[in-house]
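Participant: Below: one structure in structure tokens.
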Amino acid sequence: MESGVTLRPDKFHFCRRSVTFAGYLLGWEGYQPSRDLVKSITDFKMPAQPTLTDVRSWFGLVNQVCALPGGRPCLEPFRGLLKKPGGKAVYWDKQLEALFTSAKDTIGGLAAEGLRFYDVSRPTAVLTDYSPPGIGFLVLQQYCECVSEKSPLCCPGGWKLVLCGSRHLTRPRGTTVPSREKRLPSPVPKKGTPLPPWLQKPPLVTDHKALTRIFGDKGK
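Rendered as structure tokens:
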């Protein structure tokens with residue numbers, strides 16, 4: 004120990020293609036949740052009569068892999084259970100048990116895919132979407148050789164996930180203009196607010212045609 008810092012030799016790894024750090028397996032081209040973290044999620048056993056503490060434990064585990072797409076949506080069927088008084092049993096039936104098992108399988112599959120590190124030399128695209136429960140986005144980069152106007156939907160697996168995010172909407176938005184709602188998750192900022200340099204010129208992919216006129220050549 005020197006200068007108040009403790010170094011453990013067994014924690015150092017050299018000349019490795021991948022290392023585990025902070026619950027993630029960091030590789031040469033990308034990263035994914037560690038095997039131990041994924042196993043703790045897929046092997047999680049919910050009691051026959053779960054309490055609020057059990058449900059919170061499940062949420063805590065899944066929130067550790069929230070960088071993956073689909074992680075938080077897997078929690079959606081169980082959000083209502085968090086409103087119960089602390090320590091008391093929550094409602095649980097065969098349908099919730101089936102959803103719970105499906106969620107664990109889904110998260111395990113997503114973890115195997117992982118995410119890629121951002122590469123400044125690769126074409127980049129941003130996909131956004133809106134629904135009443137929430138908004139979200141995906142940042143993809145091209146790994147295929149396709150040259151098509153359909154990019155990044157040119158071929159399965161040709162575009163790899165780099166970044167994703169979502170936000171749960173807590174208030175109703177049914178009275179607002181659809182195009183305004185669809186624009187919510189887009190990275191196009193308000194006037195005078197610059198984008199990060201790496202997101203200044205990506206194609207913006209949307210399923211709402213009206214936005215192509217709003218964004219001009221920024222949208223597809």
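Note that my numbering has the sequence shown beginning at 4, numbered continuously upward.
Idealized CB from N, CA, C, for every residue including glycine.
Return the residue from the list VAL150, LEU28, PRO76 and TYR27 that minimises the CA-CA distance to GLY168.
Facilitator: Among VAL150, LEU28, PRO76 and TYR27, the Cα nearest to that of GLY168 belongs to PRO76.
Participant: Cutting at 6 Å between CB atoms, please list the residues of its own chain near ALA114, excluding the five before and the five after it.
Facilitator: Answer for ALA114: GLN35, PRO36 and VAL41, listed in chain order.
Participant: With a Cβ-Cβ cutoff of 8 Å, do VAL150 and LEU166 count as a contact?
Facilitator: Not closer than 8 Å, so no.
Participant: Roughly how many angstroms separate the alpha carbons of GLN144 and ARG20, rounded to a whole number?
Facilitator: Each residue's Cα considered, the two are about 22 Å apart.
Participant: Are the region 55–66 and the region 20–33 in contact at 8 Å, needing three or more beta carbon pairs?
Facilitator: Cβ pair count under 8 Å is below three, so no.
Participant: Where does CYS77 sit, in a helix, a strand or coil, going by DSSP?
Facilitator: CYS77 falls in the helix class under three-state DSSP.
Participant: Should THR104 go down as buried or exposed, given a rule of 16 or more other Cβ atoms within 10 Å for buried?
Facilitator: With fewer than 16 other Cβ atoms within 10 Å, it is exposed.
Participant: Tell me the start and end of each unbroken alpha helix (DSSP H) in the region 72–144 that is at least 4 residues and wholly inside, in chain order.
Facilitator: Within the region 72–144, the complete alpha helix (DSSP H) runs of at least 4 residues are 97–116.
Participant: Within 10 angstroms of its Cβ, does PHE81 collect 16 or more other Cβ (buried), or is it exposed?
Facilitator: So PHE81 counts as buried.
Participant: In this structure, what does DSSP give as the bridge partners for GLY168?
Facilitator: In DSSP, GLY168 forms a bridge with PHE140.
Participant: Relative to the C-alpha of ASP46, which residue among PRO135, TYR121, LEU130 and GLY111 is closest?
Facilitator: Ranking the options by Cα distance to ASP46, first place goes to GLY111.
Participant: Here's the rule: buried if 16 or more other CB atoms are within 10 angstroms of the residue's CB, otherwise exposed. What is VAL68?
Facilitator: Counting Cβ neighbours within 10 Å, VAL68 comes out buried, since at least 16 surround it.
Participant: Can you tell me whether DSSP reads LYS163 as helix, strand or coil?
Facilitator: Strand at LYS163.
Participant: Look at the alpha carbon of ILE1 and the alpha carbon of LEU130, and state the distance between them as a whole number of angstroms.
Facilitator: Within the shown structure, residues of the chain are numbered from 4 to 223, placing residue 1 beyond reach of any answer.
Participant: Check whether the Cβ atoms of SER2 and LEU71 lie closer than 8 Å to each other.
Facilitator: Coverage of the chain is limited to positions 4 through 223, which leaves residue 2 absent and any answer about it impossible.
Participant: Identify which residue in LEU78, MET49 and PRO50 has its Cα closest to the Cα of PHE62.
Facilitator: For PHE62, the nearest C-alpha among the options comes from LEU78.
Participant: Residues in the same chain with beta-carbon distance under 8 Å from ARG59, minus the five sequence neighbours each way, listed in chain order, please.
Facilitator: Within the same chain, ARG59 has close Cβ partners LEU85.
Participant: Assuming GLY33 contacts LEU118 (C-beta within less than 8 Å), just tell me the rounded distance between them.
Facilitator: The Cβ separation is near 6 Å, so the contact holds.
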